[in-house]
Each structure stands twice: as structure tokens, then as C-alpha cells.
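Enquirer: Sharing a structure here in C-alpha cells format.
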Amino acid sequence: MTRIVEVPAHLDDRSFDQFAQALAYESESPERVLVDAHAAQWASPYGLVGLLTAAQGLGQLRGEKPLFAVPTSDEVRRYWARAGFFKYGADLFEIHGKVPKVPTDESDVLLGITPVRAAEDVHDVVGKIQEGARRILAGELKLEAKATMGFAMALSEACQNIVEHAGTSGWAAVQAYTWRRRLGRRVVVIAVSDAGIGFRRSLEGVQARRYGDRWGDGAALESALIQGVSRFRDPGRGQGLAGIKRYLARWDGKISIRSGTARLTIVPSWDDDVPLSEHLPYFPGSQVQIVIPAQSDTPR
Amino acid sequence: MIHTIQLDRILQGAVDTPYRDLVTRPTGAAVRRSVESSISEAHCVTALLDFSAVGLLDFSCADEVVAQLLLGARSGKGHVLLMGLSEDQSEAIDHVLRNRHLVVAVLPRPGETPFLLGATSPEARNAFRFVHEVGPCTVADLAQEMNWDHFFALSALQELAGHRLVGVDRDYYRPIPLQ
Numbered sequence: 001m002t003r004i005v006e007v008p009a010h011l012d013d014r015s016f017d018q019f020a021q022a023l024a025y026e027s028e029s030p031e032r033v034l035v036d037a038h039a040a041q042w043a044s045p046y047g048l049v050g051l052l053t054a055a056q057g058l059g060q061l062r063g064e065k066p067l068f069a070v071p072t073s074d075e076v077r078r079y080w081a082r083a084g085f086f087k088y089g090a091d092l093f094e095i096h097g098k099v100p101k102v103p104t105d106e107s108d109v110l111l112g113i114t115p116v117r118a119a120e121d122v123h124d125v126v127g128k129i130q131e132g133a134r135r136i137l138a139g140e141l142k143l144e145a146k147a148t149m150g151f152a153m154a155l156s157e158a159c160q161n162i163v164e165h166a167g168t169s170g171w172a173a174v175q176a177y178t179w180r181r182r183l184g185r186r187v188v189v190i191a192v193s194d195a196g197i198g199f200r201r202s203l204e205g206v207q208a209r210r211y212g213d214r215w216g217d218g219a220a221l222e223s224a225l226i227q228g229v230s231r232f233r234d235p236g237r238g239q240g241l242a243g244i245k246r247y248l249a250r251w252d253g254k255i256s257i258r259s260g261t262a263r264l265t266i267v268p269s270w271d272d273d274v275p276l277s278e279h280l281p282y283f284p285g286s287q288v289q290i291v292i293p294a295q296s297d298t299p300r
Numbered sequence: 301m302i303h304t305i306q307l308d309r310i311l312q313g314a315v316d317t318p319y320r321d322l323v324t325r326p327t328g329a330a331v332r333r334s335v336e337s338s339i340s341e342a343h344c345v346t347a348l349l350d351f352s353a354v355g356l357l358d359f360s361c362a363d364e365v366v367a368q369l370l371l372g373a374r375s376g377k378g379h380v381l382l383m384g385l386s387e388d389q390s391e392a393i394d395h396v397l398r399n400r401h402l403v404v405a406v407l408p409r410p411g412e413t414p415f416l417l418g419a420t421s422p423e424a425r426n427a428f429r430f431v432h433e434v435g436p437c438t439v440a441d442l443a444q445e446m447n448w449d450h451f452f453a454l455s456a457l458q459e460l461a462g463h464r465l466v467g468v469d470r471d472y473y474r475p476i477p478l479q
């Protein structure tokens, strides 16, 4: 028997919970999962790395690859292929449907989906991103040239979160596009996702006792993102997320981290997201999204 | 004796990467160990870490390379200076040093007066500038120049000495040797 999990037509950080709900990751049902993307019309970098994470997690949990039905739309298939989705998806899913062979497009896909397994991969990600980031951030988003370095630093720190804390590998992707409905401006989006142990388990040893009954995914995210707590007792640790926040404060950016059943967001003035969402459908590991919007004319 | 260490070369020797970015903690730790070995072998008074050919420096790597190096150097007799820093690199280093209550001297260009990055009092910054512009001085010299009382001046100079930002020779506080 097969259990069908539909991919939302527009898969992004907001519709992701709908996907997680349908996935019912912790379900003990023996049915094989079919991730059905046939009706998908669009997916953000967050959505694409999230799909890979779902497959990775299910593979680890059940010891078998989930099935995957590719989008019906040729345009969507090509777009996903250009972003590198099928390249890595082929190892994690049993793919059904026609997969186009197209090269990665570097015009708006700043960094195609890239595996992050070790420190060398972070070097690779940071090395690859800088030229494209300079072109997009300064050219399209009208950010000062110095924003490029901070952007690469934020990406580096987000990727290191996988290497240092997840206990497994993950993926990163970066893309520029226009947020018509939500912002009406061009944005650059970093998405980093893994199917690892998540923030709660990573910080349990140093924080759970302090929180008592309130300890959970939301409290763990608050500890890490708001208070800068690390699982290491060394005061020099936990600086990666602090550095990302510093960068985002300067460029009016947004960070959102989903882990387990909670999502914590530092909400900029242009967005109406909820700062902390709890009791979400469980999803393994951690998913980070960083958004840098095109700047207004106000100099900073 | 000044021992200049080109960090881009250390990076290439320490890790297998075609890039010149100082990123990730493992990379930072490998680079720091190489820097420590280089300093130890050189028996130098001043180690000058040159960042000018380094690309990106992230916070984790800044902590591993600079902050941890300073923590290890506290008990030694030598001085550590940085040079060739971009604005972003300076910000990253300043951020991690403040977090650990550390401070380091930066040489803007050869021949110019160094300045400080990290967690230090305004008085210590002024005292540092005075010592490095005027030359060796006593507590009384600094107190007179800044119109501070004796213990205020003593506190500022001792703060600098504690971070190996000046040399101490009996009653005199000396600038970091740069030649």
C-alpha cells in the first residue's frame, strides 16, 4: 500500500507546514510514502531543500526510499532541474516521471542545491556564491558592496549549523526572485535544511533543566536564536547565529528557523509573520530561511 | 623581531581548498595551530598576522583564529598584531573579541599608529594611542598628559599590559615593537 502526500501547488516556508502535516513523519503506518508533486506550480529554495530533507529523514527512519511523482508542468520540472533538485533527489527518492536534463541556470539560481556534509562543503558554498552574490545584491537589490561579504558570512554560518550540530548532512540553496504578493520587491533567499537532531536535542544537555516543563522545540529555538546559547559551554560559541542576526538587522532581513514542531522568526518591519509558532506538524532536523530584500532609497 | 605571517599562505597549507576564505571552525583551528607553530619557531617579539590576501572571514573562524590565539598568547611574552583587515573582517573580529572580553591591536598601514579592536575601556584606548604615538612612558607621564589621577592612569596601562598590548620595563610602558 502507498500513502500519497501531496506537495502544495506553491511550496514555500508558509505552505511547508501543510506538507509536513500530510507527511505525518512520525506515523507508524507501514505504507510506503509517495510524495506527489504532479500539481506543483512553484517551489522556493526552502521548499526544494525541504523536500530533499523529507526524503532523507524518511530514508533514515524506514530504510526505504519514498516515491516521488515529478511535476506535470514541463516549465516547473525544468526549473527544479536547473535548481539541482533532481540531481540529489535521485539518490533519495524513487522518482517517477520524466526528468529533464538541463544545466544549472546561474541567472537567478545563485547557488543551486548543494550538499553540506563537512567543513569543506562550506568552503565550496562560500567560494561559489561570492561573485553571483555581488552581482545580485549590489546590482539588483541595490545593497552596498560591503553587503556581499556579510551575506556570504551569513550563508557560511547557516551551513556550519549543519556540520556542527545536525549530526547528519543537509542542503543549502540560494536564489533571487521577486516576492510579488508578500513584499513587491526583489529578494535573495538562503535556504538551509537538514534531517538531523534539531535544536531541542542539540541543546537539551545545557538548557532543558533551566526551562523545566517549558522545554521544547520553541524554547530551544529561543535559546539559540534570541539568547545565543550553544550546546558548548565555551563563551565563544553560538556566535554564528548572533552574526547572522547582526547582518540581518543592518540590511532589514528576515530569518526563520523551523525545528521539530516549532518555528521562530525575527520579523522585520516589512513582514507580518508570527514570531513564534509552536505545535506545528513535526518535521525532522532544522530548516533555516534567510531573506534579504531589495533596499529602499534610504541610505544606511 | 617582527615575524609577519601571511594568513592566506597558512590557509593553503593548513586545509585543502582552492579558495582564500577563512570560514568554519575546523579551518580556523587548523590555521591557528599553524600560526602558533610559526610563532613558536620564529622566537619573535611581535607576530604580525597579515589578512590582506584573505577573502571572507566568518565569525566562527574569527573566533578560532584570533580569539583563541590571543587566549593562548596571554601567558607568553610576545605580542600579536593584525594588519591588512577589510571592514568586514574588522567587524567580525571585533564582535568575537567583545564576546570573550579580549582585545587586539591592528596596524592600519606600515608606519601608522595601531588601534584596538575588541572589548576595552575608552581610557585604555587613549592610553594605547598615547604610548604608541609618544613612546615609552610612565604612569605619571600618562596621568599628566591625560589629566588623570595616578591610579586611573595605572589602571589603564595595566589593562593594556594584561592584554599584551604594551610591554612593561620596570616603570616604563613601551609600545609594541614594530621594527
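In order, the protein sequences belong to chains A and B.
Everything in the first sequence is counted per this note's numbering, starting at 1 for the first residue and increasing by one.
Everything in the second sequence is counted per this note's numbering, starting at 301 for the first residue and increasing by one.
Note that beta-carbon positions come from the ideal geometry of N, C-alpha and C, so glycine has one too.
(1) Which same chain residues, not among the five before or five after Asp124 of chain A, have their C-beta less than 8 Å away from its C-beta?
(2) Where does Met301 of chain B sit, in a helix, a strand or coil, going by DSSP?
(3) Could you give the residue range of the beta strand (DSSP E) that holds Pro293 of chain A?
(4) Name the two residues that bound the continuous alpha helix (DSSP H) containing Glu75 of chain A.
(5) Mapping the DSSP letters down to three states, classify Gly313 of chain B as helix, strand or coil.
(6) Expressed to the nearest angstrom, what Euclidean distance is found between the alpha-carbon atoms of Glu222 of chain A and Val99 of chain A?
(7) Since Pro115 of chain A sits in a beta bridge, which residues does DSSP pair it with?
(8) In chain B, what lies closer than 7 Å to Gly260 of chain A by C-beta?
(9) Measure the C-alpha to C-alpha separation of Ser440 of chain B and Asn447 of chain B and round it to an integer number of angstroms.
(10) Quick check: is the beta carbon of Glu387 of chain B nearer than 8 Å to any beta carbon in chain A?
(11) Do Leu349 of chain B and Leu417 of chain B have their C-beta atoms closer together than 8 Å?
(12) Can you give me the start and stop residues for the alpha helix (DSSP H) that Ser340 of chain B sits inside?
(13) With 16 other CB atoms within 10 Å as the buried threshold, where does Thr298 of chain A fall?
(14) Can you pull out the residues from the segment 322–334 of chain B whose beta carbon lies closer than 8 Å to at least one beta carbon of chain A?
(15) Using the Cβ count rule (16 or more neighbours within 10 Å means buried), how would you classify Val315 of chain B?
(16) Using a Cβ cut-off of 9 Å, pull out every chain B residue sitting near Ser339 of chain A, in sequence order please.
(17) Find the residues of chain A that neighbour Thr438 of chain B, judging by a C-beta separation of less than 8 Å, and give them in chain order.
(18) If you draw a straight line from the C-alpha of Arg332 of chain B to the C-alpha of Gln287 of chain A, how long is it?
(19) How about Arg175 of chain A and Asp363 of chain B: are their beta carbons less than 8 Å apart?
(20) Helix, strand or coil: how does DSSP classify Val102 of chain A here?
(21) Buried or exposed: Gly253 of chain A, going by 16 or more other Cβ atoms within 10 Å of its Cβ?
(22) For a test of your reading of the model: does the CB of Thr317 of chain B fall under 7 Å from any non-hydrogen atom of the ligand COA? Yes or no.
(23) Look at the Cβ atom of Gln160 of chain A, then the Cβ atom of Val189 of chain A, and state whether they are nearer than 8 Å.
(24) Could you pull the start and end residues of the beta strand (DSSP E) that Phe415 of chain B belongs to?
(25) Could you work out which residues of chain A lie near Ala367 of chain B, taking near to mean beta carbons separated by less than 9 Å?
(26) Grouping DSSP H, G and I as helix and E and B as strand, with all else coil, what is Ile476 of chain B?
(27) Am I right that Leu67 of chain A and Val35 of chain A are in contact with their C-beta atoms under 8 Å? What's the rounded C-beta distance?
(28) What does Met149 of chain A reach in chain D if we use C-beta pairs closer than 7 Å?
(29) How big is the Cα-Cα spacing for Arg210 of chain A and Thr261 of chain A?
(30) Could you tell me whether any Cβ in chain B is nearer than 8 Å to the Cβ of Thr298 of chain A?
(31) Since His405 of chain B is in the beta strand (DSSP E), which residue starts that stretch and which ends it?
(32) In this structure, how does DSSP classify Arg180 of chain A when only helix, strand and coil are distinguished?
(33) So which of A:Gly205, A:Val206, A:Ser193 and A:Gly236 has the shortest CA-CA distance to Arg258 of chain A?
(34) In whole angstroms, what is the alpha-carbon distance linking Leu465 of chain B and Ser455 of chain B?
(35) Can you name the start and end residues of the alpha helix (DSSP H) that Leu371 of chain B belongs to?
(36) Just curious, the alpha helix (DSSP H) that Asp388 of chain B is in, first and last residue?
Expert: Quick answer:
(1) Thr114
(2) coil
(3) Phe283 to Pro293
(4) Asp74 to Arg82
(5) helix
(6) 41 Å
(7) A:Trp171
(8) Neighbours of Gly260 of chain A on chain B: none; closest Cβ ~24 Å, over 7 Å.
(9) Per the sequence shown, residue 440 of chain B should be read as Ala rather than Ser. In a straight line, the C-alpha of Ala440 of chain B is about 10 Å away from that of Asn447 of chain B.
(10) yes
(11) no
(12) Arg325 to Ala342
(13) For Thr298 of chain A, the predicted model reports a pLDDT of 45, less than 50, meaning its position is unreliable; a value from the coordinates is still stated below. When all chains shown are included, Thr298 of chain A counts as exposed.
(14) Val323, Thr324, Arg325, Pro326 and Thr327
(15) buried
(16) Residue 339 of chain A is absent from the structure shown; chain A starts at 1 and stops at 300.
(17) Per Cβ cutoff of 8 Å: no residues; Thr438 of chain B is ~35 Å from chain A at best.
(18) 31 Å
(19) The amino acid occupying residue 175 of chain A in the given sequence is Gln; Arg does not appear at that position. Going by C-beta atoms, Gln175 of chain A is not nearer than 8 Å to Asp363 of chain B.
(20) coil
(21) buried
(22) For the structure depicted, the ligand COA is absent and the ligand set is empty, with no information on it obtainable.
(23) no
(24) Phe415 to Gly418
(25) Gly236
(26) coil
(27) 7 Å
(28) Protein chains in the displayed structure are A and B, and chain D is not among them.
(29) 20 Å
(30) Reliability fails at Thr298 of chain A, whose pLDDT of 45 lies under 50, so the model's placement of it is uncertain and the value that follows must be treated cautiously. No - not a single Cβ of chain B is within 8 Å of the one on Thr298 of chain A.
(31) Strictly speaking, residue 405 of chain B in this sequence is Ala, with His absent from that position. Counting along the chain, the beta strand (DSSP E) containing Ala405 of chain B begins and ends at Val403 to Leu407.
(32) coil
(33) A:Ser193
(34) 14 Å
(35) Gln368 to Ala373
(36) Glu387 to Arg400
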